[in-house]
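Report on the following structure.
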Amino acid sequence: MNTTLSAILLLAVPGCPLLLAFPAFRSRLPCHFSCYIALLPALILLAVPTVFSVDLPWLLFGTGLGINGASRWLLGMSVVLWASAATFLYAPVSQPADNRFITFFLLTLAANLGVILATDLVGFFAFSTLMGYSFYGLLVNGGNKAARRAGCVYLCFLILADLLLFEALLIAAAMTEDLSFEAVRQIMGQSASPGLYLSMVLVGFALKVGAWPLHFWLLPAFRSARPAVALLLGGGPVAMGLLGAMRWLPLGEITSPELGLIIQGLGVVAMLYAVVVGLMRVQQKTLPACVAIFATGLFVTALGAGLADPVVWSRYGNLAYFFIVSLGLGLAVLIIGIRWLELRKPSSSPAKQGDDLTLWFERGFGRVVHWGGQIGFDTLPRLRAAWLADVGCLRQIRAWQRILDRSEHFLQRWIVAITLLLLFGMVVAFVGAVSLI
Amino acid sequence: MNWNAALPLFILASSLLPGLVIFFLPEERIATRTTLNLAGAALKLVLVGVMIWGVFHGHHYEIRQPMLPGLDLVLRADPLSMLFVGLSSILWLVTTVYAIGYLEGSPNRSRFFGFFSLCVTATVGVALAGNLITFLLFYELLTLVTYPLIVHRGTEVARRAGRTYLIYTIAGGVLLLIGTVWLYTLTGTLEFTERGFLSSLDASQYPALIIIFVLLIAGLGVKAALIPLHGWLPQAMVAPAPVSALLHAVAVVKAGAFGIVRVVYDVYGIQFAASLGVTLPLAIVAAVTIIYGSMRALFQDDLKRRLAFSTVSQISYIILGIAVVGPIATVGGLVHLVHQGVMKITLFFCAGNLAETLGIHKVSEMNGVGRRMPWTMVAFTIGAFGMIGVPPLAGFISKWYLGLGALDAGQGWVIFILAGSSLLNAGYFLPILYAAWFKSPAETWPAERCFGRRETAWALLAPPVVTALLTLAVGLLASAPFSPLQWARFITTLEYAP
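Sequences listed follow chains E and Y, in order.
Anchor point for the first sequence: position 269 equals 268 in numbering that gives the first Met the number 0, and the numbering is continuous, going up by one each time.
Anchor point for the second sequence: position 283 equals 282 in numbering that gives the first Met the number 0, and the numbering is continuous, going up by one each time.
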């Protein structure tokens with residue numbers, strides 16, 4: 000394929016939704032049309048059966064986009080998911096989408112497609128950050144209180160994840176100028192101490208996908224998001240996070256049995272946790288979250304196996320792409336099914352009301368306290384009350400604020416003192432000068 | 000006098016002469032004043048463009064005028080000065096457009112624009128200064144011509160802020176003067192030289208050089224708002240928005256940071272400064288300032304005050320990049336000189352728009368303002384995300400090079416400072432964006448002005464949109480020729496050449 004044409008096509012895949020995200024560019028189009036039109040370049044790219052990539056040396060520090068067999072599958076999944084979400088968005092029973100929601104929708108779409116096509120760490124990071132922030136907009140825009148709280152937790156995790164991945168990126172850049180996935184994988188494979196990089200990448204992407212035990216945003220997000228957004232959760236942040244872990248980690252190049260074992264252990268616990276929570280929860284809307292936690296647990300176990308034995312990953316690693324595709328599509332089907340069931344029985348089973356966002360350890364702690372109270376051990380409630388009071392105080396950060404305010408007040412009020420300090424500096428300088436001369 | 004000698008003078012004159020003429024214009028001569036302002040700014044931009052092209056191709060631009068025996072007034076163009084002059088010229092033009100819209104109908108505009116032009120003249124003088132004495136003269140001139148801009152509104156609060164500004168900056172200027180004179184007695188020269196001019200001095204002079212370094216940095220640190228010398232900056236927020244933009248992005252604060260870069264690189268020389276052991280304390284001061292400024296910003300409800308503390312923090316990135324000692328960190332520090340300016344001016348323009356259009360001065364009044372002023376808030380969002388360091392915006396490029404430079408120089412602790420600062424930046428910018436975009440708007444705004452179908456006046460809206468686009472462009476196209484990043488690399492190559 001012609002280089003210019005391929006460059007244009009590859010750039011158009013994330014570029015078209017990015018342009019349409021500006022309301023001015025889609026003002027003459029019917030709202031739902033813009034969501035479908037944004038997918039057109041991706042569809043055309045899917046129809047071109049060759050593997051190709053393009054270098055963009057003028058973009059950021061020099062980056063690239065490309066498509067191969069694996070990313071073609073992921074692109075296909077994304078097109079199906081986003082087209083379904085767009086259809087869901089305008090279904091008669093759906094909450095109407097405003098102009099701002101469409102902007103967030105198209106921005107997230109652009110970033111999602113960019114993540115799939117990125118051929119290096121910087122491009123991937125840039126697109127995934129854009130995806131994270133715009134997905135936050137999707138979660139929160141027009142949502143209820145629960146959605147906003149879920150968005151808040153998601154945002155905190157996203158910021159932490161981006162910080163960790165940025166640090167990992169710096170470590171990689173300090174070791175090699177070529178930040179393509181392949182080059183980084185090789186250089187990290189040869190590195191004597193890749194531990195810091197590995198841990199940052201693992202924790203960073205675990206935060207992004209909501210892997211256990213960093214899954215706090217996932218349950219409320221699935222439960223409170225509007226159906227079109229919930230549909231995208233699996234194929235969007237979760238799938239792209241898993242893809243990131245695959246592409247950033249030096250799988251197949253590194254042997255780390257201890258780390259691999261720990262990760263496998265975490266993966267197994269995550270799966271058990273998902274099963275237990277799935278059985279205990281009665282809300283249908285929670286089910287996809289449990290499935291997602293189970294699936295990420297399974298994926299983490301596979302990653303652990305890959306880190307422990309590179310041969311295993313070399314042999315079976317490619318299956319991970321199909322796993323991601325199936326996860327994205329499977330979760331979407333599950334959500335559509337649940338929505339369909341809800342529509343069939345709108346009034347028979349009202350959603351269980353409860354404080355869903357309470358953290359599980361908080362509830363566990365409450366039960367222990369309750370039990371302690373029943374057996375006459377009443378110190379625990381006091382301890383708990385004191386602990387909660389401390390946490391509340393910490394949250395408000397009043398004490399810190401007061402200290403800083405006072406220091407600032409001092410600095411501003413005592414300008415004469417500051418001036419005297421400077422004059423003191425001069426005196427010291429003169430004394431120093433005289434003694435030296 | 001040939002063209003190469005005259006060009007620096009022409010660049011100075013392009014803002015000096017319009018400024019002097021504007022002083023004598025009656026208030027009602029709006030069209031003449033606007034024409035002079037814009038023509039001066041546009042002419043300066045063209046001349047600076049020519050000079051940048053010339054410097055890149057190895058042309059030498061210098062004019063030298065004897066002042067005292069052995070001391071000359073020197074204006075010289077080098078790659079470092081071009082970075083600062085280029086930034087000032089572009090942002091001056093944008094700020095002039097903004098100021099014209101902002102001050103429409105207000106009194107004393109001729110006085111304002113006169114000093115405004117003189118302020119830019121002094122800034123360009125600071126940038127083009129070829130030796131420390133010329134630098135000092137323009138640096139002090141900058142202090143004097145900025146004062147009337149800070150007290151422009153004439154209120155008691157403004158006068159108090161102006162007084163504080165003068166006390167701080169004059170005290171800093173005195174320290175700078177002492178350091179300069181002392182240095183001259185030791186060396187007999189004050190010429191800025193690549194890789195410094197002090198390394199040939201006898202080792203017995205090193206203690207004196209350390210004290211001089213402290214004096215120079217303390218003097219420059221007042222304008223650069225290094226802690227604890229930053230107290231004037233939050234108070235100066237009482238000035239009109241274009242002045243705040245000028246203080247934070249183009250002139251005063253930048254002049255301080257630029258001065259520190261000059262002292263470290265062209266007076267001491269980075270390697271010599273490192274061997275004297277003065278760079279690590281400087282890096283620590285910068286790191287403390289970064290964290291302290293961000294923490295203070297976190298608790299401010301007044302929008303401009305929050306932005307002011309953000310400046311305190313962000314300016315020290317430049318100093319940190321220099322003090323880390325290494326070519327990559329230097330690129331980060333130098334490029335942030337430009338990037339911080341572009342991002343911060345965007346934020347101040349937006350703050351000014353909110354104040355002028357809706358009477359919003361506090362973060363707590365910003366609920367739902369994104370619906371009422373979408374363009375302004377999109378620009379603000381880009382600026383804020385840039386400050387946090389979100390890719391592909393300008394701040395990401397700066398933080399990338401600072402972090403990489405720290406690793407390269409074996410100073411891993413800087414990474415934690417950058418990470419902490421990014422977290423704090425997110426902590427004080429994201430709540431603003433959340434309130435603006437996702438909270439329900441108030442029924443009435445504090446003091447709403449109507450501009451027809453537009454969200455605000457064109458002259459107020461265009462500048463933040465342009466600078467927001469610049470924030471995006473300098474990040475996204477960082478590797479393009481003549482981008483600030485490429486220019487910073489060019490400077491670093493010269494500084495670290497074997």
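Yeah, the Cβ is synthetic: ideal placement off N, Cα and C, and Gly gets one too.
Asked	Found
8 Å Cβ cutoff met for Y:Val389 and Y:Ala434	no
C-beta atoms of Y:Ala498 and Y:Leu92 nearer than 8 Å	Nothing can be reported for residue 498 of chain Y, as the shown portion of chain Y is limited to 0 through 497.
Close beta carbons around Y:Arg488, own chain, < 6 Å, minus the five adjacent residues each side	Val330
Beta-carbon proximity of E:Leu206 to E:Thr118, cut-off 8 Å	no
DSSP state of Y:Asn366 mapped onto helix, strand, coil	coil
C-beta atoms of Y:His335 and Y:Gly325 nearer than 8 Å	no
Contact with chain E by Y:Val368, beta-carbon distance below 8 Å	no
E:Ile7 at chain Y interface by Cβ criterion, 8 Å	no
Distance CB(Y:Ser243)-CB(Y:Val123) smaller than 8 Å	no
Runs of alpha helix (DSSP H) lying entirely within the region 183-227 of chain E, each at least 4 residues, in chain order	194-208, 217-223
Chain-ordered residues of the region 375-398 of chain Y with a beta carbon less than 7 Å from chain E	Val389, Pro390, Pro391
Reference Y:Pro462, options Y:Asp71, Y:Phe115, Y:Pro241, Y:Met81, closest by Cα	Y:Pro241
Beta-carbon gap between Y:Val156 and Y:Val251 smaller than 8 Å	no
Contact the region 167-187 of chain E vs the region 220-236 of chain E: 3+ CB pairs below 8 Å	no
Integer-rounded CB distance, given that Y:Gln204 should sit under 8 Å from Y:Val323	About 26 Å; that fails the 8 Å criterion.
E:Lys284, buried or exposed, once every other Cβ within 10 Å from all chains shown has been counted against 16	buried
DSSP state of E:Lys351 mapped onto helix, strand, coil	Model confidence at E:Lys351 stands at a pLDDT of 45, short of 50, so the residue's coordinates are unreliable; what they give is reported in the following sentence. Here E:Lys351 sits in coil by DSSP.
Reference Y:Glu208, options Y:Val84, Y:Lys222, Y:Val262, Y:Ile387, closest by Cα	A quick correction: the sequence has Leu, not Glu, at residue 208 of chain Y. Checked all of Y:Val84, Y:Lys222, Y:Val262, Y:Ile387; the closest Cα to Y:Leu208 is Y:Val262.
Residue-level contact to chain A via CB, E:Pro56, 8 Å cutoff	Going by chain labels, chain A is absent from the structure shown, which instead holds the protein chains E and Y.
Which listed residue (Y:Phe257, Y:Val337, Y:Ile21, Y:Pro227) has its alpha carbon closest to that of Y:Val287	Y:Pro227
Between the CA atoms of Y:Gly385 and E:Gly305 - distance to the nearest angstrom	37 Å
Same chain only: Cβ atoms within 6 Å of Y:Ala98, ignoring 5 sequence neighbours per side	Pro241
Y:Ile177 versus Y:Trp399: straight-line alpha-carbon distance, rounded	37 Å
Within chain Y, partners of E:Leu162 - CB distance below 8 Å	Ala418, Ser421, Leu422
Chain-ordered neighbours of Y:Asp77 on chain E, where CB pairs are closer than 9 Å	None at all; the shortest Cβ gap to chain E is about 26 Å.
Residue from Y:Gly69, Y:Leu90, Y:Ala496, Y:His56 with nearest C-alpha to Y:Ile344	Y:Leu90
Given Y:Arg448 as reference, the closest of Y:Gln234, Y:Leu357, Y:Leu182, Y:Leu67 once Cα atoms are compared	Y:Leu357
Three-state class that DSSP yields for Y:Ala479 in the structure shown	coil
Test: E:Thr128 CB closer than 8 Å to a CB of chain Y	yes
Rounded separation between Y:Ala383 and Y:Ile318 - CA only	21 Å
Neighbouring residues, chain Y, relative to E:Phe124 (Cβ below 7 Å)	Pro390
First through last residue of the beta strand (DSSP E) which encompasses E:Leu64	62-66
Three-state secondary structure (DSSP) of Y:Asp407	helix
Range covered by the alpha helix (DSSP H) that runs through Y:Leu119	With the sequence shown as reference, residue 119 of chain Y is identified as Val, and Leu is not the correct amino acid for it. Counting along the chain, the alpha helix (DSSP H) containing Y:Val119 begins and ends at 108-127.
Spatial distance of E:Arg288 from E:Phe100 (CA atoms)	Looking at the sequence provided, one finds Ala at residue 288 of chain E rather than Arg. Their backbone Cα atoms lie some 23 Å apart in a straight line.
DSSP three-state assignment for Y:Pro65, whether helix, strand or coil	strand
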